[in-house]
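Take a look at the structure below.
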Amino acid sequence: MARFTIPRNVYFGEGVIEELKNLKGKRAVIVIGGGSIKKSGALDKIEGYLKEAGMEIKLIEGVESDPSVDTVMRGVKIMQEFEPDWIVGVGGGSPIDAAKAMWVFYEYPEFTFEEAAKPFNLPQLRTKAKFAAVTTTSGTGTEVTSFSVITDNKTGVKYPIADYNITPDIAIVDTNLVQTMSPKLVAHTGMDALTHAFEAYVSKVKNEFTDALAMKSIEIMKENIVKSYNGNKEARSKMHLAQCLAGMSFSNAILGIVHSMSHKTGKIFNIPHGCANAIYLPYVIQFNKKTAGKTYADISRRLGLSGNSEDELVNSLVEMVRDFNKKMNIPLTLKEFGINEEFFNEKLEEIATTSVVDPCTGTNPRDISIEEMKKLFICTYYGNEVEF
Numbered sequence: 000m001a002r003f004t005i006p007r008n009v010y011f012g013e014g015v016i017e018e019l020k021n022l023k024g025k026r027a028v029i030v031i032g033g034g035s036i037k038k039s040g041a042l043d044k045i046e047g048y049l050k051e052a053g054m055e056i057k058l059i060e061g062v063e064s065d066p067s068v069d070t071v072m073r074g075v076k077i078m079q080e081f082e083p084d085w086i087v088g089v090g091g092g093s094p095i096d097a098a099k100a101m102w103v104f105y106e107y108p109e110f111t112f113e114e115a116a117k118p119f120n121l122p123q124l125r126t127k128a129k130f131a132a133v134t135t136t137s138g139t140g141t142e143v144t145s146f147s148v149i150t151d152n153k154t155g156v157k158y159p160i161a162d163y164n165i166t167p168d169i170a171i172v173d174t175n176l177v178q179t180m181s182p183k184l185v186a187h188t189g190m191d192a193l194t195h196a197f198e199a200y201v202s203k204v205k206n207e208f209t210d211a212l213a214m215k216s217i218e219i220m221k222e223n224i225v226k227s228y229n230g231n232k233e234a235r236s237k238m239h240l241a242q243c244l245a246g247m248s249f250s251n252a253i254l255g256i257v258h259s260m261s262h263k264t265g266k267i268f269n270i271p272h273g274c275a276n277a278i279y280l281p282y283v284i285q286f287n288k289k290t291a292g293k294t295y296a297d298i299s300r301r302l303g304l305s306g307n308s309e310d311e312l313v314n315s316l317v318e319m320v321r322d323f324n325k326k327m328n329i330p331l332t333l334k335e336f337g338i339n340e341e342f343f344n345e346k347l348e349e350i351a352t353t354s355v356v357d358p359c360t361g362t363n364p365r366d367i368s369i370e371e372m373k374k375l376f377i378c379t380y381y382g383n384e385v386e387f
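Using numbering that gives the first Met the number 0, the first residue of the sequence shown is number 0, and each one after it goes up by one.
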């Protein structure tokens, strides 16, 4: 049996943040990261609309990148005292991921992170609160996904929570909220979204629903990702919708080894997630073409790229991704990013081993061994073509 799950309601377009005034409840907590949401005036609007809905409001702020267990439990304590019936996660992936985890432990205080990290093992949520996600970046798709990743900073252990229960009830995809993103953030989040769509389209568990969303997302991003980077307002709006489509797709089709590699090198190499995805994606396409060449060629044809054979079409797709990176000032290799060669070699065994056991590796279209993963990382470091 196949299953496809997305939020019950997705509001998208200019000014749709106003839909928050139609929520029914008594108390809402708003979970945010840093001060940008305050400086932009968006937080004032969110608070205003929730008050218009007749709700008392409590703010939980200071969610860091790679949200931590400590941050989640701090938020849970506030929720237990305040007793909200709505949790509103606002921002990029980190605040919304943290808010999802807070939701779990607010409703089930005795639950553990070890239990939560077992795939599709959460108890039934919505016994105390519902969840609304307001996305302010165009990349993670977390406003429509069933995922959250929390890090224990004391041990370094990451807890990936994957369960349809944490799919938000409502997603607010307001295109006005992304117009002030910096070019670098636009580039990194855009390539993250493109990677979501590519990996969902070739996943071992993809289906007709996920294919439709992923392909449409890719078509929109091909035409708008560079324009968005260059500050075109309409292109930024279209990218915001495209990343949401990609999020719906990968939430149901899962991902592949681009994300496995990014998950296991982000902290070690201090490389932003979207930037890492952008670097790894062309090499992974080359690696995967032995089993997914036909599917990549299908993407290439649908995008109108050049090529008469499967190999030529896949090569055109690889060059398209590299061209996006060049035009948005993203490095093409780990070496170009600035990773020290000695440090890279020192960590190679570790990152290859941990990447192979990452949950995303299981749905990659081609199986990979630790030795193959090492060779793949070496290609991404030096810029070598993948020919194995």
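The beta carbon of each residue, even a glycine, is placed where N, CA and C say it ideally should be.
Owing to the predicted nature of the structure, the values given are computational and were not obtained by experimental measurement.
CA-to-CA distance, residue j to residue i, given in whole angstroms
i    : j    : result
V87  : I165 : 13 Å
Y48  : G90  : 17 Å
E218 : H239 : 13 Å
K23  : V172 : 20 Å
S305 : D297 : 12 Å
E55  : T352 : 48 Å
A252 : M0   : 14 Å
P118 : P358 : 9 Å
A27  : Y381 : 50 Å
M327 : V225 : 7 Å
I367 : V355 : 7 Å
P281 : N229 : 22 Å
T174 : F376 : 36 Å
V385 : E349 : 21 Å
Nearest-angstrom Cβ-Cβ length linking residue i and residue j, presumed shorter than 8 Å
i    : j    : result
A97  : T141 : That belief does not hold up - the Cβ atoms of A97 and T141 are roughly 10 Å apart, past 8 Å.
K183 : I267 : About 21 Å; that fails the 8 Å criterion.
D162 : N206 : Incorrect: roughly 19 Å between the Cβ atoms, too far for contact.
I45  : I16  : 7 Å
P6   : V143 : 6 Å
A213 : S181 : Rounded, the Cβ-Cβ distance is 27 Å, inconsistent with contact.
Per-residue DSSP class, three states only, for residue i
i    : result
T126 : coil
S145 : coil
D173 : strand
F119 : coil
T166 : coil
P94  : helix
Y158 : strand
I256 : helix
N8   : strand
I86  : strand
S1   : A small fix is needed here, since residue 1 is Ala in this sequence, not Ser. Three-state DSSP puts A1 in coil, outside helix and strand.
V133 : strand
T111 : coil
T139 : coil
Other residues of its chain near residue i: CB distance less than 8 Å, five sequence neighbours each side excluded
i    : result
P364 : V201, S202, K203, G255, N287, T290, A291, T294
I284 : F197, Y295, V313, L316, V317, V320
N152 : S67, V68, D69
Contact set for residue i: own chain, Cβ-Cβ below 6 Å, skip 5 residues either direction
i    : result
A245 : G140, A192, H195, A196, S216
E51  : K20
E106 : L124, T126, K127
E18  : Y10
H187 : P271, G273, C274
N276 : M190, D191, T194, V257, S261
S64  : S93
S137 : V177, T188, M238, H239, Q242
V62  : G32, T70, S93, P94, A97
N223 : A234, K237, M238
Cβ-based neighbour list, residue i, same chain, cut-off 7 Å, excluding 5 preceding and 5 following
i    : result
S227 : V185, G189, A234, R235, M238
S147 : D96, K99, A100, I160, I165
N8   : I169
E309 : G292, K293, A296
Residue i CB to nearest heavy atom of the ligand PLP below 7 Å
i   : result
I95 : Although the ligand PLP was asked about, the structure shown includes no ligands whatsoever.
* **Complete alpha helix (DSSP H) runs within the stretch 277-351 (minimum length 4 residues, chain order)** => The stretch 277-351 contains these whole alpha helix (DSSP H) runs: 309-326, 333-336.
* Quick one: which unbroken beta strand (DSSP E) runs of 3-plus residues sit fully inside the stretch 24-71? Chain order, please. => 26-30, 55-59
* To do: Please specify which runs of the alpha helix (DSSP H), each continuous and at least 4 residues long, are wholly inside the stretch 177-215, giving them in chain order.
  => Within the stretch 177-215, the complete alpha helix (DSSP H) runs of at least 4 residues fall at 182-201.
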